[in-house]
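Below is one structure, written out as structure tokens; the observations come after it.
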Amino acid sequence: MVLFAKAAESLSRGDLVEKQIRQNSSWSLLPTQAMFSSVLPGDFLAGHVSGRIQFPMWFGKNSRGNKIDRLIQEIQVHTRLRMSSSKESINLDYMRYLRDAILEPLVKSGSDGVSESLALLQHYCLTREDLDSICEVAAWPNAADPMSKIESKVKAAFTRAYNKTAIVTPYALVAPVKKGKGGQAEEEGEEGMEENEEEEATEQDDDVDTDAMIVMKKKPTSSASSKASSEQSTSSGRGGRGGGARGGGRGSRRGKK
Numbered sequence: 001m002v003l004f005a006k007a008a009e010s011l012s013r014g015d016l017v018e019k020q021i022r023q024n025s026s027w028s029l030l031p032t033q034a035m036f037s038s039v040l041p042g043d044f045l046a047g048h049v050s051g052r053i054q055f056p057m058w059f060g061k062n063s064r065g066n067k068i069d070r071l072i073q074e075i076q077v078h079t080r081l082r083m084s085s086s087k088e089s090i091n092l093d094y095m096r097y098l099r100d101a102i103l104e105p106l107v108k109s110g111s112d113g114v115s116e117s118l119a120l121l122q123h124y125c126l127t128r129e130d131l132d133s134i135c136e137v138a139a140w141p142n143a144a145d146p147m148s149k150i151e152s153k154v155k156a157a158f159t160r161a162y163n164k165t166a167i168v169t170p171y172a173l174v175a176p177v178k179k180g181k182g183g184q185a186e187e188e189g190e191e192g193m194e195e196n197e198e199e200e201a202t203e204q205d206d207d208v209d210t211d212a213m214i215v216m217k218k219k220p221t222s223s224a225s226s227k228a229s230s231e232q233s234t235s236s237g238r239g240g241r242g243g244g245a246r247g248g249g250r251g252s253r254r255g256k257k
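Residue numbers (the UniProt record's numbering): 1 to 257.
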């Protein structure tokens, strides 16, 4: 702790020196500032790494952190009409209470609490996938999972009731993609069809060949180019013969004179 205190004091002095450099343009103090900010703290806390640096583990943790951040962002966007909170506030203040409010009726009342849980989902403009995201984000190590307290038949009843209920959301949902027998991906729902129609319309609008306002110059075909070249050679031949005849006539007239 004494070494940490010395390093902190050295960093503080480095900040004071930097302030003098910025305010008074005392650039000659740069070596002093570097000594207090870099050299002395490193000398006080010099040591070695006790364990092995595990880069794959860090990459895994970083990937999971990015996933959790994306899930929180989706929940914050979906509940924006009901809760005017930031992403950090949703994560720290609302997430656990929102999870307990939705799952508690299922834990206490069983199948009778399905309607109450669905009402909460609809009130906060959440989907069934959002509930799974909330449970994943709000989970803590060595803490009991509330979903494990719900019976399997209650979970099945909740899922069936959710699929039968037409929950209206103020945001667009991405239709799931299924592969047909022929291997082609078929999109379910009218929203997916509308998106495809809009994309096709956009592609047609961007197509220059189908735009009536743009006149494209047609490239001559091979037959047309060969025909034009033959006509050009014929006309040049006629011009040569005509020029020779006129030249001969002029010569004869000059001789007669």
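Glycine included, C-beta positions come from ideal geometry on N, C-alpha and C.
8 Å or more divides the Cβ of A101 from the Cβ of L81. Judged by pairs of C-beta atoms under 8 Å, the region 143-156 touches the region 96-114, as three or more such pairs exist. Each of R70, L3, Q122 and A34 was checked against the Cα of G47, and the nearest Cα belongs to L3. Within the same chain, Cβ atoms closer than 8 Å to the Cβ of S10 are found at F36, S37, L40, P41 and F44, the five residues on either side in sequence being excluded.
Put simply, of L118, P31, G14 and G113 the residue whose alpha carbon is nearest the alpha carbon of Y162 is L118. Put simply, of V49, L16, Q33 and I134 the residue whose alpha carbon is nearest the alpha carbon of Q76 is I134. Look at Y94 here: in three-state DSSP terms it is helix.
Along the length of the UniProt domain "DNA replication factor RFC1 C-terminal" (11-164), whole alpha helix (DSSP H) runs at least 4 residues long occupy 30-34, 40-44, 55-78, 95-109, 114-123, 128-137 and 152-164, reported in chain order. Contact between T127 and T169 holds: CB atoms are separated by about 7 Å, below the 8 Å threshold. Within its own chain, no residue has a Cβ closer than 6 Å to the Cβ of H123 once the five positions on either side in sequence are excluded.
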